[in-house]
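Worksheet: the structure to be examined is printed underneath.
Numbering (this note's numbering), first residue to last: 17 to 481.
In structure tokens form, the structure reads like this:
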């Protein structure tokens, strides 16, 4: 029998999210577990022993080290598979990325093509872009890169979704289309090793992924055109416009060597604002997946729509990136202004229940809830926000102590007030660890619980100390 073309992904096990099933068909390709039974029944060829992957680095003279087996990829149309394998792997990754919490990274999906005959061989040949490598199967050991050291769970994909069906159909075509190419660019951004893909290269690929997914028309100002597409996709969220235009400037610098010093002032401002946006790398990968999935659903006739977009995890991330600082500044301003504790407690006291007081109290609690919903600290905030955080915590501690009927809560408030007044970051960090569960309180009409939740979140700043 002729040799069979097989692609091996030794570092990841791709599997369908269906009980009892191990085979996944995507386009014309089939993902199978790299097990002896698969080789005997489906491939009908002997399995090269060198495909075993060591999850840990072996010690000197170590024997019987635990090994792990990954995935094999085959197709009846081998010429199609050879041409399309990079797209197949990229689409598989994008289909399961969010469900698998963006783990493992792209390094795990490295594949090798081998031609296997009917009889076992002492030598095995691996092909690269520049040469072919021949290895002794008895001595060859496939070790993990640092990014993949240790055990990994299976990478599961749901084959029942509209997105899966649409992308699978598109993969089977003679040539890749815009959504498949978009998946490919996104996949190339998810290498954990910065040597393989530095962040600026990732930003250029994020931009390419979005351009392909939106099928953006050619224009004199590509950044403006792409920004309008993204802004419209997220229901006119205005802050995204300049963010995407800044991304496009970053892409132009990386792809074309555009000089930053030669940019017009407004383009420099867009670039600087983009680089100062927190969590931008993580946000962009979620935006890309969001757009790819929704465009696939639209093509399948089952769009998520604006309501689904509004309640998506990505929309929450967008609000965190662009509203986190504003939410903190507004709340901090209320907590640290002169007479804030007395004014807030007056609104809470019985006997002063007027519509105006109720409205003011509801407004403050709404401010607390907004802060808890969109705010996140970063390490750089320690140097700029620590004093304001301590002042806010003193105010919150006084409110909690005055409004709680629980002695344990009152004692915790006293400890918080003392640590915040002393500006003792270490004590505040210990206090936060002890009372982290307070962040789960969501008292939309209760001043005490709102203050507890906010105090625990504000104190999280000192985790970075």
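Quick reminder that beta carbons are idealized off the backbone N, C-alpha and C, glycines included.
A residue is called buried when at least 16 other Cβ atoms come within 10 angstroms of its Cβ; residue 157 does not meet this threshold and is exposed.
Scanning the region 334-396 from its first residue to its last, the whole alpha helix (DSSP H) runs of 4-plus residues come out as 356-364 and 371-390. For residue 450, the enclosing alpha helix (DSSP H) has its first and last residue at 441-450. The beta carbon of residue 346 is closer than 7 Å to those of 383 in its chain, skipping five residues each way along the sequence. Short of 7 Å from the beta carbon of residue 289, and not among the five residues preceding or following it, lie these beta carbons of its own chain, in chain order: 258 and 262. Residue ranges of uninterrupted beta strand (DSSP E) with 3 or more members, entirely inside the region 84-111 and ordered along the chain, are 87-90. The closest CA to that of residue 282, considering only 296, 240 and 99, is found on 240. Around the Cβ of residue 338, a 10 Å sphere holds 16 or more other Cβ atoms; the residue is buried. The criterion of a C-beta distance shorter than 8 Å is satisfied by residue 413 and residue 471. If you compare the alpha carbons of 408, 175 and 172 with that of residue 444, the shortest gap goes to 408. Sixteen is the threshold: when 16 or more other Cβ atoms of the shown chains lie within 10 Å of the Cβ of residue 410, as they do, the residue is buried. The continuous beta strand (DSSP E) containing residue 141 extends over residues 139-143. When rounded, the separation of the alpha-carbon atoms in residue 181 and residue 278 is 47 Å. With respect to residue 70, residue 160 sits close: the two C-beta atoms are nearer than 8 Å. Excluding sequence positions up to five before and after residue 286, its CB lies within less than 7 Å of the CB of 258, 261, 262 and 265, all in the same chain and listed in chain order. Along the region 154-211, the alpha helix (DSSP H) occurs as fully enclosed runs of 4 or more residues at 178-187 and 194-203, listed in sequence order. In the three-state reduction of the DSSP assignment, residue 146 falls in the coil class, being assigned neither a helical nor a strand state. DSSP places residue 281 inside the alpha helix (DSSP H), whose first and last residues are 281-292. Counting only residues of its own chain and dropping the five nearest sequence neighbours on each side, residue 183 has a CB closer than 6 Å to the CB of 107 and 312.
The continuous alpha helix (DSSP H) containing residue 436 extends over residues 423-437. DSSP places residue 244 in the helix class (H, G or I) of the three-state scheme.
Between residue 218 and residue 473, the alpha-carbon positions lie close to 32 Å from each other. Spanning the alpha carbons of residue 127 and residue 24 requires a straight line of approximately 5 Å. Contact check between the region 55-68 and the region 92-110: fewer than three CB pairs, one atom from each, fall below 8 Å, which does not count as touching. The secondary-structure analysis by DSSP pairs residue 151 across a beta bridge with 140. Contact check for residue 305 and residue 119: beta-carbon distance about 14 Å, past the 8 Å limit, so the pair fails to qualify. Beta-carbon to beta-carbon, residue 122 and residue 200 are separated by about 11 Å, too far to satisfy the 8 Å threshold.
Between the alpha carbons of residue 147 and residue 131 lies a distance of about 15 Å. Residue range 296-315 is occupied by the alpha helix (DSSP H) that includes residue 305. Within 10 angstroms of the beta-carbon of residue 100 lie 16 or more other beta-carbons, which makes it buried. Comparing alpha-carbon positions, the option among 35, 27 and 91 lying closest to residue 66 turns out to be 27. The bridge partners DSSP lists for residue 129 are 23.
In this structure residue 442 touches residue 481 by the C-beta definition: roughly 7 Å separates them, less than 8 Å. In chain order, 27, 28 and 164 place their CB closer than 6 Å to the CB of residue 124, counting only its own chain and leaving out the 5 sequence neighbours on each side. Within the DSSP secondary-structure output, residue 46 pairs in a beta bridge with 41 and 90.
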